[in-house]
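Visitor: Pasting a structure below so you can have a look.
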Amino acid sequence: MSTTWTVVVTDEGDGWSKWRLGGPTWQADVIVEPRSWLGLAFEARDPVTGRRATYDIDTDLYDISQDNQREFADEIERDIIEFLGNLRTGAVLRGNDGSKFVLVFPLNGSYVRVVQGRFLAGVSTCADLAAARTGGDYVVVE
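Residue numbering for the sequence shown follows the working numbering, starting at 1 and increasing by one per position.
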């Protein structure tokens, strides 16, 4: 299974780009500034309840222009590519655990569980999909 999505270049500058990707129940912004920053900001929503959950992958405050940060930047790049690949193939799931909106997806050999709190999301890793899918029913993020 693969989902349908749109990709739009929303901004470009001298050596950097920002893309907005989206599907019916999600949106992601990917920013690539190879000299200093690399990141993905993802948001999924439940079309029935309107609840939302967010997940970010980025190089944070690390100066990836420095040679000693190159390996870290490569890891972040691989994580973003893997996440988007999982999104494309239908491996990113959304569901509920009580009143909490939850995202579950594979990343780096384990499963990430994102539970949206009132203000911030809590992120944990699980060894298997069954443990990550605790709570209610899960469906593919489309």
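Idealized CB from N, CA, C, for every residue including glycine.
Can you grab the Cα-Cα spacing for the pair A121 / A41, in whole Å?
Guide: 13 Å
Visitor: Contact check, D97 vs G136 under 8 Å by CB: the rounded distance?
Guide: 6 Å
Visitor: Kindly indicate the opening and closing residues of the alpha helix (DSSP H) around A132.
Guide: 129-132
Visitor: Nearest by alpha-carbon distance to D56: which of F83, F72, A130, D63 is it?
Guide: F83
Visitor: Have a look at D128, G90, V112, P106 and flag the residue whose alpha-carbon is nearest the alpha-carbon of V140.
Guide: G90
Visitor: Distance check for G22 and I81, CA to CA, integer angstroms please.
Guide: 15 Å
Visitor: Output the boundary residues of the alpha helix (DSSP H) element that contains I76.
Guide: 70-88
Visitor: Cα separation between F101 and Q69?
Guide: 34 Å
Visitor: Would you mind working out which of T25, V30, S17 sits nearest I48, comparing C-alpha positions?
Guide: It is Val, not Ile, that sits at residue 48 in the sequence shown. Checked all of T25, V30, S17; the closest Cα to V48 is T25.
Visitor: Spatial neighbours of N86 within its chain, please: CB distance less than 7 Å, with the 5 preceding and 5 following residues excluded, ordered by chain position.
Guide: V92, F105, P106
Visitor: Check for me: the beta strand (DSSP E) holding F105 runs from which residue to which?
Guide: 100-107
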